[in-house]
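For the sequence shown, the working numbering begins at 1 and goes up steadily by one.
Positions of the beta carbon are idealized from the N, C-alpha and C atoms, including for glycine.
Worksheet: one structure, shown below.
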Amino acid sequence: MDTGRKTLFISDLHLGPSRPDITDRFRAFLAGPAREAEAIYILGDLFEAWIGDDGVGKFELDIADGLRALASSGTRLAFLHGNRDFLLGPDYCRLCGMEMLEQPRLIDLYGTPTLLLHGDQLCTLDIQYQRYRARVSQADWQRRMLARPLWFRRSVAALLRGASRLRNRKADSPEMDVVADDAEALFRESGAKRMIHGHTHRPFRHMHDVDGRRRERIVLGDWYTQGSVLTIRPGDDAESVELQSLVRDFPGD
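So, in structure tokens, the structure goes:
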């Protein structure tokens, strides 16, 4: 195992002014473990809500400062959208010094074809949510929404957060989880040997049999309680992949 090189993956931080504990946890991460990585991928839901790059305030600027400092130190940053921050645009990404990725995104990770996505597109038993997702993913819908006044978008975001909290009461139900058949279909379509995603807040390393070949799907946890971080290093031994909670390592936790 090459201990000198590593790439980190995080998702579902849901940053916002109402949760300073998570913000402090993230700042500690940026100043500590993140500095040792050659790249960090943020797989969606960096923020609890995003109403457009024109709605950026002091909180979002402070987060951008931390990310830009990390990028300036030499760590490559990449971001793809989640279901909470799908309106986050290129202006804010430039401010942070991070690349915006389309999803799903296939990368070569130390020789392993690895597919990156937020994960909500694989929860296909949740028909109501998939209809909503199909609508808000449309470029025309997003253009119309971003043309609305900020006060209107804030109201819509508040309504969506309320609806999400109600749905989270069913978080343990099968419809809120990934459908294995759909994940395996995506393995076939992409040619990936590994898949990494978040969204479900159920950290685990799943093994799939795809046409007689073993494929790994790694699910990231949230940052409400875990500070979930996936570390991948070059190599194919057991220590080259580590899915862990960093909560115990952060001051004040």
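For residue i, the nearest candidate out of the options (CA to CA)
i, options, result
"methionine 207", "Gly97, Thr225 and Glu184", "Glu184"
"leucine 230", "Thr23, Arg148, Met176 and Ile218", "Ile218"
"leucine 13", "Gly82, Ala71 and Arg148", "Gly82"
"valine 210", "Gly97, Arg94, Met195 and Arg188", "Arg188"
"aspartate 45", "Gly32, Ile22 and Arg143", "Ile22"
Under 9 Å between C-beta atoms of residue i and residue j
i, j, result
"aspartate 85", "tryptophan 141", "no"
"glycine 114", "alanine 192", "A small correction: the amino acid at residue 114 is threonine; glycine does not occupy that position in the sequence shown. Going by C-beta atoms, threonine 114 is nearer than 9 Å to alanine 192."
"serine 245", "glycine 221", "yes"
"tyrosine 41", "phenylalanine 79", "yes"
"glutamate 38", "arginine 5", "yes"
"leucine 70", "leucine 77", "yes"
"leucine 122", "histidine 201", "no"
"leucine 15", "glutamate 36", "no"
"glycine 66", "phenylalanine 26", "yes"
In DSSP terms, what residue i is bridged to
i, result
"threonine 112", "Leu109"
"alanine 158", "According to DSSP, alanine 158 bridges with nothing at all."
"valine 219", "His197 and Phe204"
"phenylalanine 47", "Leu15"
"serine 72", "Its beta-bridge partners do not exist; DSSP assigns none."
"alanine 268", "Here the chain has residues from 1 to 253 only, and residue 268 is not among them."
"valine 136", "Paired residues: none, contrary to the question."
"leucine 230", "Phe9 and Leu243"
"phenylalanine 26", "In DSSP, phenylalanine 26 forms no bridge with anything."
"phenylalanine 79", "Ile42 and Met100"
As assigned by DSSP and simplified to three states, the class of residue i
i, result
"serine 240", "helix"
"methionine 98", "coil"
"glutamate 38", "coil"
"serine 190", "helix"
"valine 210", "strand"
"threonine 124", "coil"
"phenylalanine 59", "helix"
"arginine 84", "coil"
"glycine 66", "helix"
Cβ neighbour criterion (16 or more within 10 Å) applied to residue i
i, result
"arginine 17", "Reading off the sequence, residue 17 comes out as proline, not arginine. Exposed, since its Cβ has fewer than 16 Cβ neighbours within 10 Å."
"tryptophan 223", "buried"
"leucine 61", "exposed"
"threonine 225", "exposed"
"phenylalanine 29", "buried"
"valine 136", "exposed"
Residue i CB to nearest heavy atom of the ligand SAM below 8 Å
i, result
"alanine 158", "By its list of ligands, the structure shown contains no ligand whatsoever, and the ligand SAM lies outside what it can speak to."
Within-9 Å CB hit, residue i to chain C
i, result
"glutamine 142", "The structure shown contains no chain C; it is built from a single protein chain."
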